[in-house]
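Encoded as structure tokens, the structure appears first; notes follow it.
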Amino acid sequence: MSAKEVWMASAYDTSGEDGAGPSAAASPAARIAVMRRAHGEKLRVCGALEEIADALPDRVDRLMCVSVASTLLPMLRNIHRYEEEVIFPAYAAATADMQCVERLKAEHVEDECFADELTEALMTIGHGAAVANPEALGFMLRGFFETIRRHVAFERDHILPAIAGAPEVSPENGPARQ
Ligand SMILES: [Fe+2]
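Numbering (my numbering), first residue to last: 9 to 186.
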């Protein structure tokens, strides 16, 4: 993955076409298309993090570290916001499985906290600092991208199929009446 591709991940935005926020009025197929794109962006960043982990300690691409550090947290927040405002209400309307929604939301919080720590570490390395403890950083990176990949796989296998035929949902009013 090139630094440019990582940078492109930062351009990911789940806002509606009118710029007024996530579009809850989109069809199930459109929501699924957005989610597939979001998952693709997450997996691309996971690939960059794996490249960094594999290159520790001496072959690290510092530009890639800066690029990932710049894009990771904004990308996650955008995607999480879209999921929580559009996808999860549709999933809850289709399945009534609130336990699953709460678990996924909790994972979002943990992932953002973890991403915050990683951002700081990657930015430091990207700006030329020596990798003080490559083993610990490698462990941290792998823990993060493996967690993200599991989360994406779960959403792809369980959430997307459930919302394929879900009713329209308004974020303000909950599931629309049938
Ligand atoms: Fe998620």
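We treat Cβ as the ideally placed atom computed from N, Cα and C, and that holds for glycine.
Burial state of residue i, where buried means 16 or more other Cβ atoms lie within 10 Å
i      : result
Arg44  : exposed
Val117 : exposed
Pro169 : exposed
Ser35  : exposed
Asn141 : exposed
Glu110 : exposed
Ala102 : buried
C-alpha gap between residue i and residue j, whole angstroms
i      : j      : result
Asp62  : Gly146 : 8 Å
Met83  : Asp119 : 12 Å
Leu80  : Val53  : 7 Å
Ile156 : Leu57  : 11 Å
Gly55  : Arg150 : 10 Å
Met72  : Arg158 : 23 Å
Gly136 : Glu125 : 18 Å
Cys108 : Ala100 : 9 Å
Arg85  : Met106 : 21 Å
Ala37  : Asp66  : 45 Å
Glu115 : Asp165 : 17 Å
Arg39  : Glu49  : 15 Å
C-beta atoms of residue i and residue j nearer than 8 Å
i      : j      : result
Lys113 : Glu92  : yes
Phe122 : Phe152 : yes
Ala98  : Ile171 : yes
Cβ distance (whole Å) where residue i is taken to contact residue j below 8 Å
i      : j      : result
Met131 : Ala77  : 4 Å
Glu163 : His47  : 7 Å
Val139 : Val74  : Their Cβ separation, rounded to whole angstroms, is 14 Å, which puts Val139 and Val74 out of contact at 8 Å.
Thr70  : Ile167 : Correcting the residue identity first, residue 70 is Arg in this sequence and not Thr. About 36 Å separates the two Cβ atoms, so there is no contact after all.
Val160 : Leu64  : Between Leu64 and Val160 the Cβ distance is about 24 Å, and since that is not below 8 Å, they are no contact.
CA nearest to the CA of residue i, picked from the options
i      : options                      : result
Ala41  : Gly151, Tyr90, Thr127, Cys73 : Tyr90
Gly173 : Ile60, Ile95, Leu71          : Ile95
Ala129 : Ile60, Arg39, Glu49          : Ile60
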